[in-house]
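Okay, so here's the structure we're looking at.
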Amino acid sequence: MSIRSVLKALRGKAVEIKIHGHTHRPNVHKISNDQKKLTRYVLGDWIKRVPSY
Numbered sequence: 002m003s004i005r006s007v008l009k010a011l012r013g014k015a016v017e018i019k020i021h022g023h024t025h026r027p028n029v030h031k032i033s034n035d036q037k038k039l040t041r042y043v044l045g046d047w048i049k050r051v052p053s054y
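Numbering (the working numbering), first residue to last: 2 to 54.
Spelled out as structure tokens, the structure:
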């Protein structure tokens, strides 16, 4: 998911965090523009008894 897509999806919404998964690439992304500061949490693979984040 690109930064542009994230900002577009959250435009006009009162949120600061987006959580989604799984993309096989867990990570935390800090995104900001003139209007918002967002944190995007990307979850890893879903495996029993193994945290994905």
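Ideal Cβ positions, reconstructed from N, Cα and C, are used throughout, including at glycine. As the structure is a computational prediction, the values presented were derived from the model and not from experiment.
How is the beta strand (DSSP E) around L8 delimited, first residue to last?
First-last for L8: 4 to 11, but that is the alpha helix (DSSP H), not the beta strand (DSSP E).
For Y32, which residues from the same chain have a beta carbon less than 8 Å from its beta carbon, with the 5 sequence-adjacent residues on both sides left out?
The sequence shown places Ile at residue 32, not Tyr. Hits under 8 Å: I4, V7, L8, K38, L39, T40, R41.
Who are the near neighbours of K19 in its chain, counting only those whose CB is closer than 8 Å to its CB and skipping five residues on each side?
V7, A10, L11, L39, T40, R41, Y42
Measuring alpha carbon to alpha carbon, tell me which of D46, H25, I48, Q36 ends up nearest V16.
Q36
Which residues share a DSSP beta bridge with R41?
K19, H30
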